[in-house]
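Residue numbers (this note's numbering): 35 to 259. Even for Gly, the Cβ is constructed at its ideal location relative to N, Cα and C. First comes the structure, then the notes that go with it.
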Amino acid sequence: MKSSIWYFEGVDLYHILCPYKYEKHLKDHPLSRYNKHEFIFMPHEVAQDIYLIAEGKVKIGVYDEAGNELILAYLGKGEIMGEMAYLGKGQRREFAQAMQAGTKICKMSAEKAQELSRDYVPFSLELNKKIADRIILLERRLEILFYKDVRRRLLELMKDLTTLYPCPKEPGWVHHGLTQQEIGSLIGASRKTVSLLLNELEKEGTILLALGRFKPLKSDLLDAL
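Below you can see the structure in the form of structure tokens.
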């Protein structure tokens, strides 16, 4: 449990926190389990908790005025969500939906997280960095969606994934765990289009492909444009 809860960005937050305090919190607030496609939170709900994914995958998105779904991110084990509650935002704009059966979520009140931030500076620094990185990533993704063609959007996303999901056990490989359908929803393209473009990039010698992962064969993927 200690290695899987409160661990992200290479920092083991469990050991930064006062262990007996967190053990008590986990005892009083056991992990919640969600079925596939079950919602963890919805837009317009009161934002009073932050969440950490212990197991599984979660989709984060928003709905436009017509009710269409826009996917902002797919998050996996060790990643946080609902972090705007920590910043004092009273109402959620986005939704979070479990994308794997048996997804496990650790929930902590924003008040508790703020208390821990006051008591443990490394926790505060890491959490604030995580929030800032997420905002920057989403701003960049929206810019790409509005101003780039599909091939450029795919390459930009893959470049981001090389930073987010490197695999130390297999140098050079990027273990992102996304399906082609999920990649398509992130760049505004169909699964078929994503499949065709990925195969095209592999034939060109830009990447190697495997299930849920790829290996860039060029120092800068954008050179393939």
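- Query: For the candidate residues TRP207, ARG174, LYS164, MET133, whose alpha-carbon lies nearest to that of LYS252?
  - Reply: TRP207
- Item | Residue interval of the alpha helix (DSSP H) (run including ASP194) | 184-198
- How far does the beta strand (DSSP E) with ALA18 in it reach, from first residue to last? In the structure as shown, the chain begins at 35 and stops at 259. Residue 18 is therefore absent and cannot be evaluated.
- Query: DSSP three-state call for PRO156: helix, strand or coil?
  - Reply: helix
- Message: Distance cutoff 8 Å, beta carbons only. Does MET133 sit that close to anything in chain C?
- Response: No chain C is part of this structure, which consists of one protein chain only.
- Where PHE42 sits in the DSSP three-state scheme: Per-residue confidence for PHE42 stands at a pLDDT of 39, beneath the threshold of 50, marking its modelled position as unreliable; the derived number appears in the next sentence. Residue state, collapsed to three classes: strand.
- Compute the beta-carbon to beta-carbon distance between HIS71 and ARG126, rounded to the nearest angstrom, for a pair I have assumed lies under 8 Å. Not a contact, Cβ separation roughly 18 Å.
- Task: Identify, in the order they occur along the chain, each residue of the same chain with its Cβ nearer than 7 Å to the Cβ of LEU172, setting aside the five sequence neighbours on each side.
- Result: LEU106
- Rounded separation between GLY222 and LEU179 - CA only: 7 Å
- Since GLN311 is in the alpha helix (DSSP H), which residue starts that stretch and which ends it? Absent from the model: residue 311. The displayed extent of the chain is 35 to 259, so no value can be given.
- With DSSP as the reference, label GLU99 as helix, strand or coil. coil
- Message: Here's a check: name, in chain order, each residue in its chain whose Cβ is nearer than 8 Å to the Cβ of GLU117, leaving out the five neighbours to either side.
- Response: ILE84, LEU161, LYS164, ILE165, ARG168
- Message: With a threshold of 7 Å on Cβ separation, who are the neighbours of LEU243 within its own chain once the five nearest residues in sequence on each side are excluded?
- Response: LEU232, GLU236
- Query: Contact between the stretch 184-203 and the stretch 224-231: three or more CB pairs below 8 Å?
  - Reply: yes
- Task: Whole angstroms is fine: what's the gap from LEU189's alpha carbon to GLN134's?
- Result: 26 Å
- Would MET192 be called buried (16 or more neighbouring beta carbons within 10 Å of its own) or exposed? buried
- Task: Taking GLY90 and ALA132 to be in contact with their CB atoms under 8 Å, please state how far apart those CB atoms are, rounded to whole angstroms.
- Result: 6 Å
- Per-residue burial, LYS226 [other beta carbons within 10 Å of its own, 16 or more giving buried]: exposed
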